[in-house]
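This report refers to the structure that appears directly beneath it.
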Amino acid sequence: CMPFIESRPEGANVLVGERGIKLSGGERQRVALARAFLKNSPILILDEATSALDSQTEALIQQSIATLCQGKTVLVIAHRLSTLLGLDRIVVLDQGRIVEEGTHHALLATKGLYSRLWEQQAFTHP
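Positions in the sequence shown are counted from 1; adding 88 to them yields this note's numbering.
This is the structure:
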């Protein structure tokens with residue numbers, strides 16, 4: 089996030105709305121993440137925070153998230169399960185109800201919904 093922000097003359101103050109410059113979805117996500125990290129709040133909610141990013145950029149940002157969020161409460165909402173790999177606890181919802189919870193490895197071992205979704209995504213996303 090930060091190299092992109094630092095490359096902009098406006099820095100983190102770049103406008104991303106209709107009156108702002110034309111930014112791609114991934115660029116808007118990087119600006120939003122950089123702003124969230126700069127705010128340094130004890131609680132962070134990331135709702136599909138890397139959905140518009142390519143896999144390589146997502147991996148770099150996931151490393152940054154892990155470092156920058158140490159000691160914070162972070163709620164991650166994601167459909168791309170690779171986003172959840174390093175989390176302490178994953179809660180799986182199905183039709184608005186909690187159906188599973190645990191670590192990535194524990195959920196894979198149960199062979200439930202999370203495991204099935206993981207297998208589907210593993211075959212469709214290299």
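All C-beta atoms, glycine included, are put in the ideal place defined by N, C-alpha and C.
Asked	Found
Going by the C-beta, is alanine 166 closer than 8 Å to any heavy atom of the ligand HEM?	Absence of the ligand HEM is noted for the structure shown, with no ligands found whatsoever.
Is the stretch 146-159 touching the stretch 183-197 in the sense that three or more CB pairs, one from each, lie closer than 8 Å?	no
DSSP has glycine 113 in a bridge; who is on the other side?	Beta-bridge pairing links glycine 113 to no other residue.
Sorted by chain position, which residues of the same chain lie with C-beta nearer than 6 Å to asparagine 130's C-beta, five sequence neighbours on each side aside?	Before going further, note that residue 130 is proline rather than asparagine in the sequence given. Counting only Cβ-Cβ distances below 6 Å, and skipping sequence neighbours, we find Lys160.
Short of 8 Å in beta carbon distance, which residues of its chain neighbour isoleucine 165, apart from the five on each side in sequence? Order them along the chain.	Ile133, Leu134, Asp135 and Glu136
If we ignore side chains and look at the alpha-carbon of each, how far apart do asparagine 128 and glutamine 117 end up?	17 Å
Looking only at its own chain, which residues have a Cβ that is under 6 Å from the Cβ of phenylalanine 125, when we skip the five neighbours before and after it?	Leu156
In or out: glutamine 150 buried (at least 16 other Cβ within 10 Å) or exposed?	buried
I believe leucine 201 touches glutamate 189 by the beta-carbon criterion, under 8 Å. Please report the beta-carbon distance rounded to the nearest angstrom.	That pair is no contact at about 11 Å.
Measuring alpha carbon to alpha carbon, tell me which residue in Ala210, Arg123 and Ile153 is nearest arginine 168.	Ala210
Go ahead and label threonine 198 buried or exposed: buried means 16 or more other beta carbons lie within 10 angstroms of its beta carbon, across all protein chains shown.	exposed
Enumerate in chain order the residues of its own chain whose CB-to-CB distance from aspartate 182 is below 7 Å, with the five nearest sequence positions on each side excluded.	Leu201
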